[in-house]
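Note sheet for the following structure.
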Amino acid sequence: FPRNFDNYNGWNKIMNDVCDVEFLLLLDCTEEEMTKRILARAEKAEVKRKDDNAETLKKRFKVYQESTMPVVKTFEEQKKLIKISSIGTVDEIYGKVKPLFT
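FYI, in my numbering the residues of the sequence shown are 123 to 224.
Right, dumping it as structure tokens:
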């Protein structure tokens with residue numbers, strides 16, 4: 123969140139005078155790695171999701187690039203973007219994220 127400018131503008135309209143967003147945390151990952159992870163999840167899942175397939179993932183990534191990344195860019199321009207690589211083990215990534223919230 124925010125996934126698009128409608129979310130961003132709605133948040134600002136309601137919450138702008140209530141709180142200040144200190145930063146946007148972006149867990150950065152390549153499309154290739156995300157696809158690999160999601161398809162691996164799909165293989166192991168007991169309950170299958172219809173959207174866990176390569177064709178749907180390509181559409182989701184396109185929407186992400188078109189709708190979410192412009193919001194990320196806005197936070198970057200405001201010097202409120204923290205980007206962390208999400209390549210590595212869960213513990214490695216957690217070790218990078220945890221200090222941001224303590």
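Beta carbons are placed, not taken as given, at the ideal position from N, Cα and C, and that holds for glycine.
message: Assuming Lys195 is part of the alpha helix (DSSP H), what are its boundary residues?
response: Met191 to Glu199
field: Cβ-based burial, Pro192 [other Cβ within 10 Å; buried from 16]
entry: exposed
query: Given that a residue counts as buried once 16 or more other Cβ atoms are within 10 Å of its Cβ, and exposed if not, what is Asn221?
result: As written in the sequence, residue 221 is Pro, which differs from the Asn given in the question. The residue in question, Pro221, is exposed, as its Cβ has fewer than 16 Cβ neighbours within 10 Å.
task: Write down every uninterrupted run of the beta strand (DSSP E) in the region 150–185 whose length is 3 residues or greater and which is fully enclosed by it, in chain order.
output: Fully contained in the region 150–185 is no beta strand (DSSP E) run of length 3 or more.
- request: Answer yes if the region 133–141 comes into contact with the region 190–210, meaning at least three C-beta pairs across the two stretches below 8 Å, and no otherwise.
  value: no
query: In angstroms, rounded to a whole number, what distance separates the CA positions of Thr224 and Thr190?
result: 27 Å
message: Please report the straight-line C-alpha distance between Ser207 and Arg163, rounded to a whole angstrom.
response: Their backbone Cα atoms lie some 20 Å apart in a straight line.
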